[in-house]
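Engineer: Sending over a structure as structure tokens; questions will come in a sec.
Written out as structure tokens, the structure reads:
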């Protein structure tokens with residue numbers, strides 16, 4: 007399992023999802039906190055490429071030995087690519103939530119929404135306030 011971390015180059019959603027923005031595209035995944043709370047992932051319900059996602063709305067599910075959890079879109083967009091490796095081996099998210107364990111790549115439809123997300127420092131404070 008990966009060591010606890012919250013990379014500075016990502017933006018964070020209060021639902022424990024992250025976004026890595028690159029121009030008008032972004033990569034989404036779940037945070038170290040989310041994968042740690044869930045435990046070992048055993049299933050990833052991958053959405054279809056070409057489908058739309060809306061900020062703050064569920065676009066997928068992950069299942070662990072403990073629970074099934076919704077995956078929330080941190081930003082709105084159209085799914086360009088789904089990480090097939092995670093669909094085949096969901097535990098990849100536990101090992102590398104910010105690298106090989108990414109979930110989807112999207113073309114952003116509302117790039118301005120990024121202003122509502124937290125940077126790493128704000129997300130760490132959010133976790134401290136929750137816990």
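Numbering (my numbering), first residue to last: 7 to 137.
All C-beta atoms in this analysis are idealised placements derived from N, C-alpha and C, irrespective of residue type, glycine included.
No experiment lies behind these values; they were computed from the predicted model shown.
Who are the near neighbours of residue 76 in its chain, counting only those whose CB is closer than 7 Å to its CB and skipping five residues on each side?
Structural biologist: For residue 76, where only same-chain residues beyond five positions count, the Cβ hits under 7 Å are 64, 67.
Engineer: Specify whether the region 93–103 and the region 114–127 touch according to this definition: at least 3 beta carbon pairs, one from each stretch, less than 8 Å apart.
Structural biologist: These segments do not touch.
Engineer: Count the other C-beta atoms from every protein chain shown that fall within 10 angstroms of the C-beta of residue 49, then say buried if there are 16 or more, exposed otherwise.
Structural biologist: So residue 49 ends up on the exposed side.
Engineer: Would you please state the rounded distance, in angstroms, between the beta carbons of residue 119 and residue 81? I believe it to be under 8 Å.
Structural biologist: Correct: roughly 5 Å between the Cβ atoms.
Engineer: Have a look at 55, 14, 62 and flag the residue whose alpha-carbon is nearest the alpha-carbon of residue 88.
Structural biologist: Answer by Cα proximity: 55.
Engineer: For residue 59, count neighbouring Cβ atoms within 10 angstroms of its own Cβ and tell me buried if that reaches 16, exposed if not.
Structural biologist: Classification of residue 59: buried, given that the 10 Å Cβ count is 16 or more.
Engineer: So, is residue 74 buried or exposed, given that buried needs 16 or more other C-beta atoms within 10 angstroms?
Structural biologist: Exposed, since its Cβ has fewer than 16 Cβ neighbours within 10 Å.
Engineer: Starting from residue 98, trace the alpha helix (DSSP H) in both directions and tell me its first and last residue.
Structural biologist: That run of the alpha helix (DSSP H) goes 98–101.
Engineer: Can you tell me whether residue 42 is helix, strand or coil according to DSSP?
Structural biologist: Note: residue 42 maps to helix in three-state DSSP.
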